[in-house]
Structure formats: structure tokens, C-alpha cells
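Heads up: the structure comes next, in C-alpha cells.
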Amino acid sequence: MTFRAEVRSWLAANVPHNLSSMDSATGFEQHREWERLLAQERLSAITWPAEYGGRDASLWDWLAFEEEYYAAGAPPRVSQNGIFLLAPTLFAHGTGEQLARLLPRMARAEDIWAQAWSEPEAGSDLAAIRSRAVPTEGGWLLSGQKTWSSRAAFADRAFGLFRSDPGAQRHHGLTYFLFDLRAEGVTVRPIPQLDGEPGFAEVFLDNVFVPDHDVLGGVGEGWRVAMSTASNERGLTLRSPGRFLAAADRLVDLWWQRRDPYLRDRVVDAWIGAQAYRLHTAETVSRLVGGGSLGAESSVGKLFWSELDTALHETALDLLGPEAELPGPWLDGYLFALAGPIYAGTNEIQRNLVAERLLGLPR
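Numbering (our numbering), first residue to last: 7 to 369.
Here's what the structure looks like:
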């Protein structure tokens, strides 16, 4: 049996369809249990080495898995911050001890990770962060405030940047830390979304001790390490083509139910966009398999998938007409899609990066 067929068969037999929102306490734990079920089959992180809970699968297998996962209507991944963002950063910059200690627990959903990036007055301008790290015996004391921290309301641990050298220039003197959200001195304050559920949180740190072994990439190397995380967030793992291929197929099915001639071209555009993103990602995988790396090109992908997601869901709502105002997957998807041009670096910032780093235009 091929890997794709194995995944398709297993998902058909095991995908749950009645989970509560993962932005609620009950739903979060339900999604954690789903992640644990995936881990039992070594499907939670298939490209990882087997010693860390993976299957040593290729990126091509990962693309196939993602397509089958979304086609099956499987739940959103509550572990995505860890598995799709932190883990690639660990593989690139972590020590052997960190990999062995952190990855198996992440694969089994024993630790679910939150992002601790943005701060008041330091959102897309990440270099403006003011949260500080002060050296102490055996480690560091972290203090400051992080906001819009994804999954932090119910997560176990977090990763983020802190200023370890206050006298250094903006992009220097930063260090990347991993810390426990239940440690002494940590206060987590949930931020309700439009639906009232806390998909984000503010995190306040007051002299929170972090041991030296939870520094990732070296003291003062935080900006370089963070850009590795950002490239993965924008360019490959966080938003796979499978997500958009499945949504585009559902949109086509919806059009056949409604047959609105005025929206036909927009439906076709969305379907073509999903296929284009699939081909773009295949090119990225080919480059990575050939020894290349993610760079500023990830900003192009982020611009494309975030705007595709919004346009696709807007088309679905227009097809639904007045029914679009009723609760349902299309409305939920649309509200989430609206955040796409903001998180992972606002699209305005991404256009600047494309202009300067890819097109060579002046600042």
C-alpha cells in the first residue's frame, strides 16, 4: 500500500467530526487527544526522524499527507506552532540535547507551544521588542509583556525573542528563549476574539527563570534564529497547499449547488489559485530537497496564500447570499482568513521585503 493510500484509509476510519473549537478549554483538550492519536501512528510529524516520533518521510510525502488530511476534513492542528514553526527552527539551530528533550514530547502533544513574538508597539516591527532577559546563575530572568500570543491561553510552553543586551542596535542583542507558561512569574491573560473564544493571550513575565539549556541558537543570535522561524511560517509548513485545494474543491461543489453565473469566474480563479500555490510549493520543495533553503521568497508565498484564502471565502459567502450570516464553516473560515494578511508579518511589510530583497528596489 502506498503512503498516500495508507493515510487516506486511516483518516477515513479515524477523523473526528464533532470536536469543539480548539479556542475553548474543552476543545483544546479534544484536539490534544487527536494529536496524540496521530502520534500513535507516527503521523503527527511524518518528516521527523523516527527517534523523535516521525517516519523519516520526505517533503513530498508530507505534501501528500497534507492533501489527504484536509480532503478528509480533519481538524485544525492545535500543535501547529510547535510542529510547523518551532520544530524546523530546532532542527536548524538546536543542540542534540534540545532535539532529544523537546521533539518527542511535542510529537505526542505532551507540550503544546505558543508563540511569544509581538509586544505592545512591536508587532510587525519585531526588532522593536523591549521584553528583556537578564543573566543569572544557571540561566536567565525574563521580564516584559507579549501580546497576540497564538494558543497561549491553554498551551504548555512558549517560544519568543527577548532583549539580552539593551545597549545593542535594534536587530542585535536579541536571544531566542523557550519557557514554561506555568512557571512562577508568568501570567497568561486570554484575549477574546469576535466569537468570544480566546484564540490569543497576553503573556506577562516577571523575573521568570529560564535555564541556559532553553536558549535556542546562542546568546545574541535571536534575530537570525527568529528569521528561520518566520521563513517557515510564511513559506512552507504553516499553510500547505492541501488546505487550499480542499477549500477550493468545496467551493466548486457549492457553485454547482447554486450555479450563480455572476460568480463563476471568481470560483474558477480560486480553484486556479489553489493549483498555482500547489505548483509553487512543489518548486519550493524541489529546491529544498536539492540543498537549497527558504529565504525572502517565502514572503511571496505568504502574500499569495493569505490573499487567496480571503478571496476564496468571500466568494463562498457571496454564493451563500443571506445564508452566509448564519454560523457555519464558511463564515468561520472567512473570519479566520481575515487574519492571514496580518499574522506572520503583515502583507504591507511582506511587500517591502519582496521589493527590497528580491527586486532590489531602494528602501
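For each residue, glycine too, the CB sits at the ideal point set by N, CA and C.
Residue environment for E303: buried (at least 16 other C-beta atoms within 10 angstroms of its C-beta).
The distance from the Cβ of W123 to that of L109 is about 21 angstroms, inconsistent with a contact at the 8 angstroms cut-off. Looking at the DSSP output, L148 sits in a beta bridge with A139 and V214.
When the beta-carbon positions are compared, Y283 and F310 come within less than 9 angstroms of each other.
Around G226, the same chain offers S170, D171, A174, H178, G179, L180 and T181 as residues with beta carbons nearer than 8 angstroms, after the five sequence neighbours per side are excluded. Using a Cβ distance threshold of 9 angstroms, S305 and G346 do not count as a contacting pair.
Following the DSSP letters along the chain, one finds D315 in no beta strand (DSSP E) but inside the alpha helix (DSSP H) bounded by residues E303 to L326. Taking a contact as a CB-CB distance under 8 angstroms, the pair L17 and Y58 does not count as one, their CB atoms being some 22 angstroms apart. About 24 angstroms separates the beta carbons of N87 and L147, which is beyond the 8 angstroms limit, so they are not a contact pair. The alpha carbon of M28 has as its nearest neighbour, out of E208, N20 and W40, the alpha carbon of W40. Going by beta carbons, G33 and L25 fall inside the 9 angstroms limit. Annotated as proximal: R114 and S50, with beta-carbon spacing under 9 angstroms. Taking a C-beta distance under 9 angstroms as the contact criterion, R272 and A317 qualify as a contact pair. One Cα belongs to F250, the other to A280, and the distance between them is close to 5 angstroms. Distance between D67 and T53, taken at the CA atoms: about 8 angstroms. Per the coordinates, the alpha-carbon of E125 lies some 46 angstroms from the alpha-carbon of T8. A straight-line Cα-Cα distance of about 33 angstroms links M233 and A78. Assignment of T235 by DSSP, reduced to helix, strand and coil, places it in the helix class.
The closest CA to that of S312, considering only L300, P335, I348 and A288, is found on I348. A Cβ-Cβ contact shorter than 9 angstroms links S137 with L167. One alpha carbon belongs to E362, the other to A134, and they sit about 20 angstroms apart.
In the three-state reduction of the DSSP assignment, Y75 falls in the helix class, which pools H, G and I.
Listed in chain order, the alpha helix (DSSP H) runs fully inside the region 254-309 are 270-295, counting runs of at least 4 residues. Around the beta carbon of S85, a 10 Å sphere encloses 16 or more other beta carbons of the protein chains shown; the residue is thus reported as buried. In this chain, the alpha helix (DSSP H) harbouring G339 covers P335 to A343.
Contact between the region 255-262 and the region 294-302 is absent, with fewer than three C-beta pairs closer than 8 angstroms.
For P196, the uninterrupted beta strand (DSSP E) segment begins and ends at V192 to I197. Taking 4 residues as the minimum length, the alpha helix (DSSP H) runs contained wholly in the region 9-69 are 9-20 and 31-46, in order along the chain. Taking a C-beta distance under 9 angstroms as the contact criterion, T153 and V231 do not qualify as a contact pair. In the structure shown, the three-state DSSP call for T352 is coil. By a beta-carbon distance limit of 8 angstroms, H219 contacts E103. Their separation comes to about 7 angstroms. With fewer than 16 other CB atoms across the displayed protein chains lying within 10 angstroms of its CB, Q263 is exposed. Residue environment: A11 is assigned as exposed (fewer than 16 neighbouring CB atoms within 10 Å of its CB, all protein chains considered). Shown here, V360 sits in a helix according to DSSP, grouped into three states. In the structure shown, A128 falls within a strand segment according to DSSP collapsed to helix, strand and coil. One thing to note: T142 has its Cβ within 9 angstroms of the Cβ of F215.
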